[in-house]
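Counting with our numbering, you get residues 914 to 1685 for the letters of the sequence shown. Inspection log for the structure reproduced underneath, given as structure tokens.
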Amino acid sequence: MRFSLRILLACCLAGLQFLAVLTVVFSSYFTSERALIAHARDLLRDVGTNAIEHSKGFLNPAQGAAELAARLAQNRVVASEDHVQLEQLLFQQLQITPQFAGVYYGSEEGNFVMVMRTEDAQAPFRSKIIRNEGGARSIELIWRNDDFSVVAREQTPEDPYDPRNRPWYLRAKSDLTTIWTDPYIFFTSQQPGITLAAPVVDAESGVKGVVGVDIEISKISDFLSRLKIGVQGKALIIHRNGDVIAHPDLDLIKITREDGTLRFANIAEFEDPIARAAFAGHAGRGPVLVDQVTASQFTWDGEVYVSTVMPPISDKLPWTIGVYAPEDDFTAVIKQNRTANIWIAALVAAISGVIGLALADYIHRPVRAFAVRSTLISQGELDPTGPAPRTYKELERANATLMQQILARRDAEREYGQTFDLSSRAMAQISPKDGAVIRANAKFAELIGAASPADVVGCRIADIAHPGDLAQSACADSGPGGAETSCEMRWYRRDGAMIHVSLNSIVIRDDQGRPLHGVLMVDDITRDKAREGQIAQLNRDLSHLARGNTMGQMAAGLAHELNQPLAAIAQNADTALLTLGEGADPELRELLDEIERQSLRAGDIIRALRSFIRKDEGTRHPFDFADLLDQAQRLVHPEATEAGVRIVTLTVGLPQVTGNHIHVAQVIVNLLRNAIEAIAPEPENERLITIHATREGDLVRVCVQDSGPGIRDGINLFTQFETSKPDGMGLGLSICRALVEANGGQLWHEKPAGRGARFCFTLPVAAAAAAA
Ligand code: ADP
């Protein structure tokens, strides 16, 4: 799949932008989230620490005050028996320590002085004084103003209260030290609180009484409610026994018993479900108690919370402070920020994409123009030397190089095309797939008789070749790797005529060796084939003629030689008959008659044979002498080549001659063979035969001259059986002469000026040529 450069560039730009922004967004998100969660834990721990310090700060003065009061009583600074002074002392203590709900002193005698705060603005303090004097018990309630002035008094003699039975009294007395009670809900104020009790001890008589201080710890809940822990975070204080003693929502920590009294709600039943989930321990089995600050994470109702549990404040205050807050309180902002950033990233990517498109278009426009121009130039539809569109330097340089290459390629193509089109050889480009012609030159079209090269395109070699030649697969590989093949075939022209062709083909391949096309070079060898046929025929004719001639000449020679002895025999027989006369033995006469008759008969046979041979003059007709010379020369070519002899023919404008061309060919071949045999022993550089043929009037004069040793002395040329060769018959020259003469010419030998022999003969010029 191909993408447009524009789209690709725009997508890349937008994608990269988006990736970059996303990477920054997420990296910053995760980093910030981690930091914020760590910060949240720190914050929760700080809140816990703060709550601890606040609680300590809230309670410690109480201890100091209680112990001070106890010391004062002990050292008789305050006469514990003087209830008025004691009430005043306790009143002052209450006034200066705002977290105190009440201060009181109970003695071993059952006396009791207590000052406590009220909700009444007219009388913010109320004292309760129980006196046991002389078996009489008086119980008085006094409401006082800020300035200790009495607002109201009331006697409540039925009040059964006895401090000595109270747990705080009993524990302080038995422990002999300041004790802290567990938190409980004050009966009077119905507020959560604790009581501190310090014993007043006399060295002689032991414990004299116990000073107690009630501290309302609802203030601690107020403090917790004012703490800002994230958006929805809360802190609470859990007593070791699981009671929730402080919580921002004070009402939650109180539960009414069946008898109408109040108690603390346990963490396992606490109505703040998130606090329950955070601190009730596994399956609500109890409060989470830890030795050190412990941070954790939990999920409630699909929301993630972070929480911290502090170790108990102290032995006296075995309280655990738990703090929790939704994680979102800290990370919501960055989550919103992340979402916003992703949208911004998408927006930036979209804008980048649009800008990228525009930019790509701007960048791509000259590139496109350049590509279009290059295509047009390569297709030859635009002049490469024309003005180029404005583009980038790099493209201009590439363009220049490309143009050079295109021009060079076009030149090469033109040259190749011209070479192809104008070649004197028939050429065609063949498809490697189906063997069809892709392109052909005029010569090829002419060769197969097509109207034009275009007419040949698409035609397959298999369609025009002789089926027999195709089946033979006559083409043989040649050249490296079988790249070139050559063979001969018979083709059918469009007009139906059969021609002989010689094929040369090469395969053009690409860099990977895959065939691109084949180039076929074809030569019409029909004439050569015909000539070969003619020469073969001539050769056969000559063999036949040579046999006939030789036999004829031998017969003629024998007849000539035998004629005289036979005549002599006949004559002698006749003479013998005459000599014997009439009286001779008839049997003898008969014998002599028979001898004479047979010898005459033998003479007749020989004469008949001679006249029969002489009659074989063959038919005479006009023919092209130069052509025949060429054919005859080809016949002796193998012998000449073997003997290293060069044959040079000098013929100019020869007319047609009349004669029997087989006879004439025989003469030429005989003369050439004699010359080759004569030259063979000569040094190689002198092995030359020159055939010189000229017209002389009505005759053509042909001379065959060689560079051999010449005619040996004592050789009678043109004489039958005259030979200098061990296997020669001595008939050749006489046959030649007979043949030339039979064709109306002359044959002779003339000694050349230099070395060698020269045999010449004449032939009559053909009538038509002679008349011309
Ligand atoms: P043959 O070739 O059988 O000997 P020919 O009649 O053709 O018979 O030749 C007769 C002789 O003439 C040859 O033996 C040779 O000695 C001589 N002769 C013919 N042609 C040449 C020549 N070109 N050069 C030298 N001697 C020749």
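C-beta atoms are modelled at their ideal positions from N, C-alpha and C, and glycine is treated no differently.
Excluding the 5 residues preceding and the 5 following residue i in the sequence, name in chain order all residues of the same chain whose CB lies nearer than 8 Å to its CB.
i: residue 1582; result: 1455, 1545, 1548, 1549
i: residue 1624; result: 1630, 1662, 1664, 1670
i: residue 1463; result: 1642, 1644, 1648
i: residue 1128; result: 971, 972, 975, 1012, 1013, 1014, 1106, 1107, 1108, 1109
i: residue 1391; result: Reliability fails at residue 1391, whose pLDDT of 44 lies under 50, so the model's placement of it is uncertain and the value that follows must be treated cautiously. Excluding residues within five positions, the ones whose Cβ falls inside 8 Å are 1397, 1398, 1399.
i: residue 1452; result: 1548
Which two residues bound the contiguous beta strand (DSSP E) that contains residue i?
i: residue 1340; result: 1339-1343
i: residue 1235; result: 1232-1239
i: residue 1605; result: 1601-1609
i: residue 1671; result: 1671-1677
i: residue 1619; result: 1612-1619
i: residue 1211; result: 1207-1213
i: residue 1405; result: 1397-1405
i: residue 1413; result: 1411-1422
i: residue 1149; result: 1147-1152
i: residue 1187; result: Counting along the chain, residue 1187 falls outside any beta strand (DSSP E), though it belongs to the alpha helix (DSSP H) covering 1186-1192.
Tell me whether residue i sits in a helix, a strand or coil according to DSSP, three-state version.
i: residue 1516; result: helix
i: residue 1281; result: helix
i: residue 1029; result: strand
i: residue 1111; result: strand
i: residue 1654; result: helix
i: residue 1179; result: strand
i: residue 1004; result: helix
i: residue 1016; result: strand
i: residue 1357; result: helix
i: residue 1298; result: coil
i: residue 1429; result: strand
i: residue 1328; result: helix
i: residue 1372; result: coil
i: residue 1117; result: coil
i: residue 1532; result: coil
i: residue 1082; result: helix
i: residue 1164; result: helix
i: residue 1275; result: helix
i: residue 1715; result: Here the chain comprises residues numbered 914 to 1685, so residue 1715 is not present and cannot be evaluated.
i: residue 1453; result: helix
i: residue 1349; result: strand
So, at 7 Å on beta carbons, what are the nonlocal neighbours of residue i in its own chain, with the 5 sequence-adjacent residues on each side left out?
i: residue 1543; result: none
i: residue 1375; result: 1348, 1383
i: residue 1371; result: 1349, 1350
State the start and end residues of the unbroken alpha helix (DSSP H) segment that holds residue i.
i: residue 1580; result: 1574-1592
i: residue 1709; result: The structure shown does not extend to residue 1709, since the chain is modelled only from 914 through 1685, so no value can be given for it.
i: residue 1544; result: 1538-1556
i: residue 1668; result: No alpha helix (DSSP H) contains residue 1668, which DSSP labels as neither H nor E.
Candidates the options: which alpha carbon is nearest residue i's?
i: residue 1585; options: 1602, 1079, 1657, 1575; result: 1602
i: residue 1026; options: 1040, 1355, 1087, 1376; result: 1040
i: residue 1162; options: 1230, 1173, 1172, 1149; result: 1149
i: residue 1145; options: 1322, 1184, 1236; result: 1236
i: residue 1016; options: 1440, 1626, 1124; result: 1124
i: residue 1256; options: 1155, 960, 930; result: 930
i: residue 1621; options: 1657, 1667, 1636; result: 1667
i: residue 1444; options: 1541, 1051, 1178, 1510; result: 1541
i: residue 1147; options: 1299, 957, 1465; result: 957
i: residue 1466; options: 1650, 1042, 1137, 1674; result: 1650
i: residue 1473; options: 1633, 1536, 1135, 1113; result: 1633
i: residue 964; options: 1141, 1333, 1614, 1000; result: 1141
i: residue 1203; options: 1652, 1038, 1251, 1151; result: 1151
i: residue 1676; options: 1606, 1363, 1618, 1498; result: 1606
Closer than 6 Å by C-beta to residue i: which residues in its own chain qualify, once you throw out the five before and the five after it? Chain order, please.
i: residue 935; result: 1258
i: residue 1556; result: 1589, 1593
i: residue 1240; result: 1217, 1219
i: residue 1092; result: 1084, 1085, 1110
i: residue 1382; result: 1402, 1403
i: residue 1636; result: 1643
Quick one: does residue i have its CB under 9 Å from some CB of chain B?
i: residue 1327; result: Protein chain content of the structure displayed is limited to a single chain, and chain B is not contained in it.
Less than 8 Å between the CB of residue i and some heavy atom of the ligand ZN, yes or no?
i: residue 1631; result: Within the structure as shown, the ligand ZN is missing, the only ligands being the ligand ADP.
- Should the region 1180-1196 be regarded as contacting the region 1269-1276, the criterion being three or more beta carbon pairs within less than 8 Å? Three or more beta-carbon pairs separated by less than 8 Å are not found between the region 1180-1196 and the region 1269-1276, which leaves the two stretches without contact.
Practice problem: Would you be able to state if there are at least three C-beta pairs under 8 Å between the region 1413-1421 and the region 1430-1446? | Solution: Flag = yes, the region 1430-1446 and the region 1413-1421 touch.
Sufficient close CB pairs (3 or more, under 8 Å) joining the region 1155-1171 to the region 1079-1089: Between the region 1155-1171 and the region 1079-1089, the count of C-beta pairs closer than 8 Å stays below three; the two stretches do not touch.
Quiz item: Should the region 1506-1525 be regarded as contacting the region 1466-1481, the criterion being three or more beta carbon pairs within less than 8 Å?
Solution: Result yes; three or more Cβ-Cβ pairs closer than 8 Å.
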